[in-house]
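Participant: For reference, the structure I am asking about is given below.
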Amino acid sequence: MDTSEHSALGRMVERPRSGLRAVGVQVDFYVKAYAGIPIVLRRYLGEVLRQLTSISFGTGALVLIGGSVVVVAILTASAGAVVGLQGYEALNAVGTDALTGFLASYINIRLAAPLIGGVALVSTIGAAFTAEIGAQRISEEIDAIEVMAVPSVPFLVTTRILAGTIAIVPLYALALIACFATTQLIVVLGYGQSVGTYNHYFATFLIPTDVLTSMLQVTLIAFVVMSIHAFYGFTASGGPAGVGAAVGRAVRLSLIAVMVTALVTAVLLYADPETLHLSR
């Protein structure tokens, strides 16, 4: 075997090994971050509250538009508008446009709102966390925190994971209202369907427990997204360009994680035929 063949074989063996090594590093980081939850609850609740304020109302220019609340509401409202437009047109083609309220009560809460809420979380809060922690890493602020005997992972990472997971609950509640309201406005005002017809089918097919399960679904998505973004920010290197690359990698992986998490949770929560209510 010549040198080139030996080198090619070595690269083939090294690629899966390096991939497994990267997965191991990431899992080890998550274990340390989650193990720091008791420390955060005892010592750093003030930091969690500060992060909650920053997430909800934003900092800098984001404050001018109302922070993440407005961003998430606009994105989910857009999804609700699409459900109203496409749903009514599709049902009207077969003469069942009265069932648009059914689509609003099922598609919005089980598919559209959780997915769009997760994407909004990635594009606003998640990317900001990666950039913030990455900037602290390259400016050696994290090293300074560790020199002062402050555990960096619980203080910088776990607090943000908890804050992002907690903040998504009221954010998603407002987003869900915006999604429902936009669909109804499109159907009732745009297409002229009577309010009574829309509300009848919407209330008939909407299962109250779906609101709670949808909230659980998006909370799990938020937990996964915050963990991924915190990891890439904490391990950023190479100056400002390295932080930008870390944000890009975090966003790509988070979007995949949002889709996979939404799919898995939807199968677990809604696969049972009993979750389909045809009447009250």
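For the sequence shown, the positions run 879 to 1158 when our numbering is used. Beta carbons: idealized from backbone N, C-alpha and C, even for Gly.
1) Taking the C-alpha atoms as reference points, what is the distance between Val1145 and Gly1068?
2) Applying the 10 Å Cβ sphere with the 16-neighbour rule, what's the burial state of Arg928?
3) CA-CA distance, Ile1020 and Gln1014?
4) Cutting at 6 Å between CB atoms, please list the residues of its own chain near Tyr966, excluding the five before and the five after it.
5) What's the gap between the Cα of Tyr912 and the Cα of Ala1022?
6) Out of Thr931, Leu1052 and Gln1071, state which residue places its alpha-carbon closest to the alpha-carbon of Asn970.
7) Can you check whether the CB of Phe980 is closer than 7 Å to the CB of Tyr1079?
8) Any idea what DSSP makes of Ser1115, helix, strand or coil?
9) By DSSP, does Met1137 sit in helix, in strand, or in coil?
10) Ile985 to Gly958, Cα distance in whole Å?
11) Can you tell me where the alpha helix (DSSP H) with Gly1042 in it begins and where it stops?
12) On the premise that Gly995 lies in contact with Val1096, defined as a C-beta separation below 8 Å, what is that separation, rounded to the nearest angstrom?
13) Return the residue from the list Glu1024, Ile1134, Ala982 and Ala1124 that minimises the CA-CA distance to Thr1075.
14) Look at the Cβ atom of Thr1061, then the Cβ atom of Gly962, and state whether they are nearer than 7 Å.
15) For Leu1040, which residues in the same chain have their Cβ closer than 6 Å to its Cβ, ignoring the five residues on either side in sequence?
16) Would you decide whether Gly1012 is buried or exposed? Buried here means 16 or more other CB atoms lie within 10 Å of its CB.
17) What residue range does the alpha helix (DSSP H) around Tyr966 cover?
18) Whole angstroms is fine: what's the gap from Ala1056's alpha carbon to Gly1004's?
19) State the DSSP-derived secondary structure class of Leu1084, mapped to helix, strand or coil.
20) How far does the alpha helix (DSSP H) with Glu1018 in it reach, from first residue to last?
21) Between the C-alpha atoms of Thr954 and Phe1033, what's the straight-line distance to the nearest angstrom?
22) I need the DSSP call for Val1028, collapsed to helix, strand or coil.
Facilitator: In terms of the structure at hand:
1) For the purposes of this step, residue 1145 is identified with residue 267 of the sequence shown, where counting begins at 1. For the purposes of this step, residue 1068 is identified with residue 190 of the sequence shown, where counting begins at 1. Answer to the nearest angstrom: the Cα atoms are 34 Å apart.
2) Position 50 of the sequence shown, counted from the first residue, corresponds to residue 928. Under this definition Arg928 is an exposed residue.
3) Within the sequence shown, residue 1020 is the residue found at index 142, counting from 1. Within the sequence shown, residue 1014 is the residue found at index 136, counting from 1. Rounded to whole angstroms, Ile1020 and Gln1014 show a C-alpha spacing of 6 Å.
4) Working through the sequence shown from its first residue, we reach residue 966 at position 88. Contacts found: Asp975, Thr978, Val1065 and Tyr1069.
5) For this step, residue 912 is matched to residue 34 along the sequence shown. For this step, residue 1022 is matched to residue 144 along the sequence shown. Here the C-alpha atom of Tyr912 lies approximately 22 Å from the C-alpha atom of Ala1022.
6) If you number the sequence shown from 1, residue 970 lands on position 92. Closest option to Asn970, Cα to Cα, is Gln1071.
7) Position 201 of the sequence shown, counted from the start, is the residue given in the question as residue 1079. Position 102 of the sequence shown, counted from the start, is the residue given in the question as residue 980. Between Tyr1079 and Phe980, the C-beta gap is smaller than 7 Å, which places the two residues in contact.
8) The residue you call residue 1115 lines up with position 237 of the sequence shown. The three-state reading of DSSP puts Ser1115 in coil, since its state is none of H, G, I, E or B.
9) Position 259 of the sequence shown, counting from 1, holds the residue named residue 1137. Collapsing the DSSP output to three states places Met1137 in a helix.
10) Locating residue 985 in the sequence shown gives position 107, where the first residue counts as 1. Locating residue 958 in the sequence shown gives position 80, where the first residue counts as 1. Between Ile985 and Gly958, the C-alpha separation is close to 9 Å.
11) In the sequence shown, residue 1042 corresponds to position 164, counting from 1. Start and end: Thr1037 to Leu1063.
12) Here residue 1096 is taken as the residue at index 218 of the sequence shown, counted from 1. Here residue 995 is taken as the residue at index 117 of the sequence shown, counted from 1. For a cut-off of 8 Å, the C-beta gap from Val1096 to Gly995 is around 5 Å, short enough to register as a contact.
13) Your numbering for residue 1075 matches position 197 in the sequence shown. Here the closest residue by C-alpha is Ala982.
14) Here residue 1061 refers to the residue found at position 183 of the sequence shown. Here residue 962 refers to the residue found at position 84 of the sequence shown. Yes, these two residues count as a Cβ contact at 7 Å.
15) Taking the sequence shown and counting its residues from 1, one reaches residue 1040 at position 162. Answer for Leu1040: Val926, listed in chain order.
16) Within the sequence shown, numbered from 1, the residue matching residue 1012 stands at position 134. Buried, since its Cβ has 16 or more Cβ neighbours within 10 Å.
17) The residue given as residue 966 occupies position 88 in the sequence shown. Run containing Tyr966: Ser946 to Ala971, per the alpha helix (DSSP H) assignment.
18) Against the sequence shown, residue 1056 aligns to sequence position 178. Against the sequence shown, residue 1004 aligns to sequence position 126. Across the structure, Ala1056 and Gly1004 are spaced so that their CA atoms are roughly 22 Å apart.
19) In the sequence shown, residue 1084 corresponds to position 206, counting from 1. In the structure shown, the three-state DSSP call for Leu1084 is coil.
20) Within the sequence shown, numbered from 1, the residue matching residue 1018 stands at position 140. Here Glu1018 belongs to no alpha helix (DSSP H), and DSSP marks it neither H nor E.
21) Counted from its first residue, the sequence shown places residue 954 at position 76. Counted from its first residue, the sequence shown places residue 1033 at position 155. Their backbone Cα atoms lie some 32 Å apart in a straight line.
22) Within the sequence shown, numbered from 1, the residue matching residue 1028 stands at position 150. Three-state result, Val1028: coil.
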